[in-house]
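Here the structure comes first, spelled out in structure tokens, and everything after it is commentary.
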């Protein structure tokens, strides 16, 4: 019913070992996603669990086979992969010249390839970059608006797939991988992202009567770990037998 009202909203069935049955949805951006989510909750009274966005990757296996992967859970073991290709986009950013330095630093952190700069006027510039699509779908636009104080505009169009040094980062709870928390990231960013995820999960997971081990794994190597401490049992609570009025 929602799809009939909004032609730009797309979805397909998806199954997750951790979350069960659900849908993989496509949006025009983060704002569009928030609008769809709010409509589903308010108009259809549906309680939603949203996961981090992913893009489609092309893999060349060592056996010579070419496959496409759109979720980390469907990614084969690292030892069977020869090359991973990721989608790139041609980005155009129009900004006041006072914010050029901060925006160029942001694009560099997102593994952007600088192309050229055109000055539209004495106070406004047009930057051209080639960026990995996986780096801009999550928080790039929000950070761009923060750096430019809302004055910068951003537009992009798809380019070809390019080979990249990408790895599958898995999150393990008690040694068991959780596919809903796994993601595909660049090898240079894997450690920092793993530490951030472990720290965040440590804050969110409630304490139990036993320790909960949270690990970030890259291949067969553990690169980050956090532990949710167990609740201490008060062994003296039942030893008091006196009058409660004392």
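Residue numbers (the UniProt record's numbering): 1 to 246.
Even for Gly, the Cβ is constructed at its ideal location relative to N, Cα and C.
Roughly how many whole angstroms lie between the Cα atoms of residue i and residue j?
i	j	result
residue 227	residue 202	7 Å
residue 208	residue 229	8 Å
residue 3	residue 153	28 Å
residue 44	residue 15	22 Å
residue 249	residue 206	Beyond the ends of the chain as shown, which are 1 and 246, falls residue 249; an answer cannot be given.
residue 31	residue 37	10 Å
residue 131	residue 204	32 Å
residue 98	residue 222	42 Å
residue 35	residue 157	23 Å
residue 147	residue 210	43 Å
residue 139	residue 179	21 Å
residue 141	residue 64	37 Å
residue 85	residue 177	24 Å
residue 76	residue 66	12 Å
residue 68	residue 119	40 Å
residue 71	residue 51	11 Å
residue 136	residue 9	19 Å
residue 196	residue 96	32 Å
residue 194	residue 56	21 Å
residue 46	residue 40	6 Å
residue 21	residue 145	35 Å
residue 28	residue 231	45 Å
residue 93	residue 150	12 Å
residue 164	residue 198	25 Å
On the three-state DSSP scale, how would you describe residue i?
i	result
residue 6	coil
residue 65	coil
residue 27	coil
residue 224	strand
residue 52	coil
residue 186	strand
residue 162	strand
residue 199	helix
residue 175	coil
residue 72	helix
residue 60	strand
residue 204	helix
residue 181	helix
Note the first and the last residue of the continuous alpha helix (DSSP H) segment covering residue i.
i	result
residue 39	30-43
Give a single yes or no on whether residue i has its beta carbon closer than 7 Å to a heavy atom of the ligand ATP.
i	result
residue 196	As far as ligands go, the structure on display features none, and thus does not contain the ligand ATP.
Along the chain, where does the beta strand (DSSP E) that runs through residue i open and close?
i	result
residue 217	212-218
Quiz item: Where in the stretch 75-155 do unbroken runs of the alpha helix (DSSP H), each at least 4 residues long, occur, reported from the N-terminal end onward?
Solution: 100-109, 133-136 and 140-148
Quiz item: Does the pairing of the stretch 58-65 with the stretch 73-86 give three or more beta-carbon distances under 8 Å?
Solution: Yes: the two stretches touch, three or more of their Cβ pairs being nearer than 8 Å.
Self-check item: At least 3 beta-carbon pairs within less than 8 Å: the stretch 188-204 vs the stretch 216-227
Solution: With a cut-off of 8 Å, the stretch 216-227 and the stretch 188-204 count as touching, because enough Cβ pairs lie within range.
Quiz item: Any contact of the stretch 165-174 with the stretch 98-116, i.e. 3+ C-beta pairs under 8 Å?
Solution: Contact fails: fewer than three Cβ-Cβ distances are below 8 Å.
Quiz item: Any contact of the stretch 107-123 with the stretch 132-140, i.e. 3+ C-beta pairs under 8 Å?
Solution: Contact holds: three or more Cβ-Cβ distances are below 8 Å.
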